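For reference, each letter of the sequence shown is one residue, going 1 to 197 in the UniProt record's numbering.
First the structure, in the form of structure tokens, and then the observations on it.
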Amino acid sequence: MALLGSLIPGEVGLRLLLSPICSNIVIRTACCTVGTVLPVYATFKSIEKNDQEEQNKWLVYWAAYGTFSLVEVLSDKLISWFPFYYHMKLAFLVWLQLPSNNGARHLYARHIRPFLLNHQAKFDLMLNSVSRESAKFLVAHQEEIQFLKSLIMKGAKTANQMLKEFGLLQPHGREGSENPNSASRLRIREANSDVDD
């Protein structure tokens, strides 16, 4: 009986992944979870433990994942319509992380590192050029940037005032309480609440 109980969740999971109804939502959520959420947490743990080997492992993973994401963005319109594309993506992301396969290290050592070493000088030149041009642009357009910043701040203040006037925002807590320097917090009223005040 215990064996049957352990098979049911696995069968339900496989049916969810492979059924055409809701499959896209489930598989994309699985890709996001396996590709980013779990690695972010594992990276956090390796940093907190100060485990150099684990940090190196996750650094290589992020290099492989970033490269894959870049290729995917550039070829998304071409490859996303293939049947079971997201299923293959999920399998690839699992392969990157599995310690037995060491997929990320394999991909990094065989493809990413040699490519970047061959083109390192070009990339450095390009990044330095972009950095210089960005700095020139910011200096040349400093007044316009300040104007835009002040315009955005005025717009935010106006929107805040309009929300207060329409009664969508109200102060939260007592004014002038223990800490007079603290800004009063605002909360949004629920749309369905009755106004009997």
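All C-beta atoms in this analysis are idealised placements derived from N, C-alpha and C, irrespective of residue type, glycine included.
Bear in mind that the values here come from a model prediction, so they are computed numbers and not experimental data.
Report the rounded CA-to-CA distance for residue i versus residue j, giving the unit in angstroms.
i      : j      : result
Val37  : Ala104 : 17 angstroms
Leu96  : Tyr108 : 10 angstroms
Thr29  : His87  : 11 angstroms
Pro114 : Asn50  : 29 angstroms
Met126 : Phe82  : 35 angstroms
Val40  : Leu74  : 24 angstroms
Glu133 : Val139 : 10 angstroms
Leu78  : Tyr85  : 11 angstroms
Leu163 : Ala156 : 11 angstroms
Gln120 : Ser131 : 16 angstroms
Leu169 : Thr43  : 39 angstroms
Ser150 : Phe137 : 19 angstroms
Gln142 : Arg110 : 45 angstroms
Gln161 : Met153 : 12 angstroms
Glu144 : Asn128 : 24 angstroms
Gly176 : Glu48  : With a pLDDT of 44 at Gly176, under the threshold of 50, the modelled position of this residue cannot be trusted, and the question is left open.
Leu116 : Ala135 : 26 angstroms
Lys122 : Leu70  : 18 angstroms
Gln55  : Asn118 : 25 angstroms
Lys45  : Phe166 : 46 angstroms
Asp76  : Asp124 : 27 angstroms
How far does the alpha helix (DSSP H) with residue i in it reach, from first residue to last?
i           : result
Ala63       : Gln52 to Ile79
Gly35       : That residue, Gly35, is in no alpha helix (DSSP H); it is neither H nor E in DSSP.
Tyr85       : Tyr85 to Gln97
residue 198 : Limits of the chain in this structure are 1 at one end and 197 at the other, which puts residue 198 out of reach.
Arg105      : Gly103 to Leu107
Nearest by alpha-carbon distance to residue i: which of the options is it?
i     : options                         : result
Glu53 : Pro99, Ser69, Met153 and Ser129 : Pro99
Phe92 : Ile145, Ile27, Leu169 and Phe44 : Ile27
Val34 : Glu72, Gln146 and Tyr65         : Tyr65
Glu72 : Lys89, Asn56 and Phe84          : Lys89
Val94 : Cys32, Gln120 and Phe166        : Cys32
Phe68 : Phe137, Ser129 and Ile112       : Ile112
Asn24 : Gln142, Ile47, Asn56 and Ser80  : Ser80
Should the segment 92-104 be called in touch with the segment 54-72, which here means at least 3 C-beta pairs below 8 angstroms?
The way I'd put it, the segment 92-104 does touch the segment 54-72; three or more beta-carbon pairs between them come closer than 8 angstroms.
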